[in-house]
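Student: Protein chains in written order, with our numbering: chain A, 1 to 113; chain B, 114 to 225.
Where a beta carbon is used, it is the ideal one built from N, C-alpha and C, also for glycine.
First the structure, which I've put down as structure tokens, then a few questions once you've had a look.
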Amino acid sequence: GAGVSQSPSNKVTEKGKDVELRCDPISGHTALYWYRQSLGQGLEFLIYFQGNSAPDKSGLPSDRFSAERTGGSVSTLTIQRTQQEDSAVYLCASSLNRNTEAFFGQGTRLTVV
Amino acid sequence: SQQGEEDPQALSIQEGENATMNCSYKTSINNLQWYRQNSGRGLVHLILIRSNEREKHSGRLRVTLDTSKKSSSLLITASRAADTASYFCATVPSSGTYKYIFGTGTRLKVLA
């Protein structure tokens, strides 16, 4: 596609429910990243996929968070048993390699009520 | 924390003035990048400077990199109201996984 696409754009969920956030990266980009940004804060790294290598999950805040990338393309970030502190904008990005810029989607604004 | 830090956290200037933002980081890097964010959503890439480069220009943007001090600066010349945004630096480590490590950001406000 022309850019990184994320869906949904906004998601309101009840505390305790599971949510799935989707990211469709730019075609041909081998690297895919998930970040989280709370209001007025910087970007918190969550997880990084590079080709067929094992993902770097070092940023996932708890075992309620998981992500997968199928076929080296689309990625899904799943948050189980959502809590109010999970409310944030979840940003996905992709890049060709480490020597190039990352392209970001518009993010999913998650609100847990 | 691996997160870099930027200063100032917030900057308010008049249109036409120059804006300078600084970024400090902790690890050895492959490259450093600057991004802009409007309205708390997607980030837009501005400029990339490699670890063996000291200065780079793009339009009204000038970036410097001092790897000995682990710091970088972004200068926006002749600022415009449309430059109002948050600006983030991101570093790519020279070893390990190639995740981008973002700074805390500078909120720039350009007054017309």
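In whole angstroms, give me the CA-to-CA distance for residue 80(A) and residue 64(A).
Tutor: For this step, residue 80(A) is matched to residue 80 along the first sequence. For this step, residue 64(A) is matched to residue 64 along the first sequence. About 5 Å.
Student: Kindly provide the ranges of any beta strand (DSSP E) runs that are 3 or more residues long and lie completely inside the stretch 4-78 of chain A, ordered along the chain.
Tutor: 5-7, 10-13, 19-24, 31-37, 44-50, 65-69
Student: Using DSSP bridges, identify the partner residues of residue 175(B).
Tutor: Position 62 of the second sequence, counted from the first residue, corresponds to residue 175(B). In DSSP, residue 175(B) forms a bridge with 170(B), 188(B).
Student: Under 8 Å, with one C-beta from each stretch per pair, do the stretch 79-99 of chain A and the stretch 186-195 of chain B reach the 3-pair mark?
Tutor: no
Student: Assuming contact is defined by CB atoms lying nearer than 7 Å, are residue 218(B) and residue 199(B) in contact in what I supplied?
Tutor: Reading the second sequence from its first residue, position 105 is the one you call residue 218(B). Reading the second sequence from its first residue, position 86 is the one you call residue 199(B). Cβ atoms of residue 218(B) and residue 199(B): closer than 7 Å.
Student: Which of the residues in the stretch 55-88 of chain A, read from start to end, lie with their CB under 7 Å from any CB of chain B?
Tutor: 56
Student: Can you give the beta carbon distance from residue 102(A) to residue 37(A), rounded, assuming they're within the 8 Å contact cut?
Tutor: Taking the first sequence and counting its residues from 1, one reaches residue 102(A) at position 102. Taking the first sequence and counting its residues from 1, one reaches residue 37(A) at position 37. No, residue 102(A) and residue 37(A) are not in contact; Cβ-Cβ is about 14 Å, not under 8 Å.
Student: Here's the rule: buried if 16 or more other CB atoms are within 10 angstroms of the residue's CB, otherwise exposed. What is residue 94(A)?
Tutor: Taking the first residue of the first sequence as 1, we reach residue 94(A) at position 94. So residue 94(A) ends up on the buried side.
Student: Check the Cβ-Cβ distances between residue 48(A) and every residue of chain B, and say whether any is below 7 Å.
Tutor: Along the first sequence, one-based indexing puts residue 48(A) at 48. Judged by the 7 Å Cβ criterion, residue 48(A) is in contact with chain B.
Student: Around the C-beta of residue 167(B), are 16 or more other C-beta atoms found within 10 angstroms, so that it is buried, or is it exposed?
Tutor: Indexing the second sequence from 1 puts residue 167(B) at position 54. Per the 10 Å Cβ criterion, exposed.
Student: Please compile the residues from chain A whose C-beta is within a distance smaller than 7 Å of the C-beta of residue 205(B).
Tutor: Counting from one through the second sequence, the residue named residue 205(B) turns up at place 92. Chain A residues near residue 205(B): 98.
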